[in-house]
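Student: Numbering (this note's numbering), first residue to last: 188 to 531. Virtual Cβ for every residue (Gly too), placed ideally from N, Cα, C. I'd like to ask you about the structure that follows.
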Ligand code: HEM
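As structure tokens, then:
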């Protein structure tokens, strides 16, 4: 990661989140084609890939400090945003190890990890944290291992036990979600927590997705992109706080659309964990306002076409009904209709 860390980001009113040119250009724009429909869009999470946001195990960008502070605030207001069932203890340590190993090797200027047997020392220079602890001994950390690590990483994380040929939502820290609730989904199976999604089940996507994940191998993580839209740079669009953010959807006008409406992209990565055989699902959320998308001609044209032709059932599920036409009308003059190459 190059560039300056932002320390004044605010993901709640008064909103204040600026994206540098570098951050705009590393945004994982989710539309390789002019139309969008659900698909089995899963690929190996290898280094490289179409944009820089995908080039590390866990992506750290200029919003790291602001996002960690927002996460801490949400957890203080609602500690149940982090829950892990007792049988997931091994998975908690697996996650901590994966987090510390990958952050310290991908970003040695920001994170350092020293190991002498089970005596570990972790330093997070961005959050001013230094911690010596014994790997495997929870009493030597200020929080349980999953919570300790997830608080120091951008994005949401869920932990899934694998049994009875299914995956179960048996833990997580979820503070920046697109309108779903960990509290509600805890203990559910793969098909149960996906039940609100339209069309994908009939298309066979969840059967194939689950079969694929049950065979996921250690050391071979995979990734997929998901997207929706959010009004204002608000990370926490949870059902728990719907009364705070729901009405924002009615506030979009042709004057404020470029500032207010954000394309919300989730870079989702999945890992088999070594001791527990659990699966880690990491959801890294990127919010880019229409005004920043406008700076890349291909993106603004493609977003116009995707939104204009989006299946109404998907649009409603994603909560776009109150402002989709305003965004399409705003983008229309900037789309000359000329063919665009496949890819982002
Ligand atoms: C939506 C979790 C893997 C496809 C969702 C939702 C959750 C979720 C919580 C929101 C459901 C709601 O409205 O309440 C997970 C977890 C996964 C996983 C924890 C892995 C352990 C997958 C895979 C696929 C997939 C492998 C496809 C291959 C989708 C789709 C949606 C969805 C298409 C609808 C998204 C939208 O339109 O915004 N997922 N998912 N998921 N998931 Fe998954």
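#1: Please go through the same chain and pick out, in chain order, the residues whose beta-carbon is closer than 6 Å to the beta-carbon of residue 458, but skip the five residues on each side of it.
#2: Residues in its own chain within less than 6 Å of residue 348 by CB, not counting five upstream and five downstream?
#3: With three or more beta-carbon pairs closer than 8 Å as the criterion, would you say the segment 427-436 touches the segment 381-401?
#4: Please tell me whether, using a cut-off of 7 Å, the distance from the CB of residue 415 to the nearest non-hydrogen atom of the ligand HEM is below it.
#5: Can you tell me whether residue 302 is helix, strand or coil according to DSSP?
#6: Is the segment 219-236 in contact with the segment 506-524, if contact means three or more CB pairs nearer than 8 Å?
#7: Spatial neighbours of residue 232 within its chain, please: C-beta separation below 7 Å, excluding the five flanking residues on both sides.
#8: Count the other CB atoms within 10 Å of the CB of residue 195; is the residue buried (16 or more) or exposed (fewer)?
#9: Tell me whether the beta-carbon of residue 249 lies closer than 8 Å to the beta-carbon of residue 330.
#10: Among 200, 213, 205 and 198, which residue has its Cα nearest to the Cα of residue 483?
#11: Quick check for students: name the residue ranges of the alpha helix (DSSP H) that lie wholly in the segment 413-440, counting only runs of 4 or more.
#12: So what does residue 356 bridge to, in DSSP terms?
#13: Using 8 Å as the threshold, is the segment 276-289 in touch with the segment 339-346, meaning 3 or more CB pairs across them?
#14: Taking contact to mean 3 or more Cβ pairs, one atom from each stretch, closer than 8 Å, check whether the segment 373-390 and the segment 413-427 are in contact.
#15: For the ligand PLP, is there a heavy atom less than 7 Å away from the beta-carbon of residue 474?
#16: Identify, in the order they occur along the chain, each residue of the same chain with its Cβ nearer than 8 Å to the Cβ of residue 478, setting aside the five sequence neighbours on each side.
#17: How would you label residue 246, buried or exposed, when you count the other beta carbons within 10 angstroms and need 16 or more for buried?
#18: Could you give the C-beta distance for residue 450 and residue 412, rounded to a whole number, given that I count them as a contact under 8 Å?
#19: May I ask whether a heavy atom of the ligand HEM can be found less than 7 Å away from the beta carbon of residue 223?
#20: Give the straight-line distance between the Cα atoms of residue 503 and residue 367, rounded to the nearest whole angstrom.
#21: Does the Cβ of residue 418 lie closer than 7 Å to at least one heavy atom of the ligand HEM?
#22: Could you check whether the Cβ of residue 505 sits closer than 7 Å to any heavy atom belonging to the ligand HEM?
#23: Whose CA, out of 430, 332, 487 and 327, lies closest to the CA of residue 523?
#24: Could you compute how far the alpha carbon of residue 225 sits from the alpha carbon of residue 528?
#25: Taking only three categories from DSSP, how would you classify residue 393?
#26: Residue 202 and residue 419: beta carbons closer than 8 Å?
#27: Taking residue 207 as the reference, which of 193, 472, 302 and 439 has the closest Cα?
#28: Out of curiosity, what's the CA-to-CA distance linking residue 460 and residue 405?
#29: Would the beta-carbon of residue 223 fall within 8 Å of that of residue 341?
#30: Report all residues from its chain with a CB closer than 6 Å to the CB of residue 278; omit the five preceding and five following residues, and keep chain order.
#31: Give the secondary structure of residue 453 by DSSP, where H, G and I count as helix, E and B as strand, and everything else as coil.
#32: Is residue 327 near residue 333, with beta carbons less than 8 Å apart?
#33: Quick one: what does DSSP say residue 292 is sitting in, helix, strand or coil?
#34: Express the C-alpha separation of residue 517 and residue 501 in angstroms, rounding to a whole number.
Tutor: On the basis of the coordinates in this document:
#1: 408 and 467
#2: 355, 357 and 465
#3: no
#4: yes
#5: strand
#6: no
#7: 408, 409, 410 and 456
#8: exposed
#9: no
#10: 213
#11: 429-432
#12: 347
#13: yes
#14: no
#15: Of the ligands this structure carries, namely the ligand HEM, none is the ligand PLP.
#16: 445 and 446
#17: buried
#18: About 11 Å; that fails the 8 Å criterion.
#19: no
#20: 15 Å
#21: no
#22: yes
#23: 487
#24: 20 Å
#25: helix
#26: yes
#27: 193
#28: 6 Å
#29: no
#30: 346, 460, 463 and 465
#31: strand
#32: no
#33: helix
#34: 21 Å
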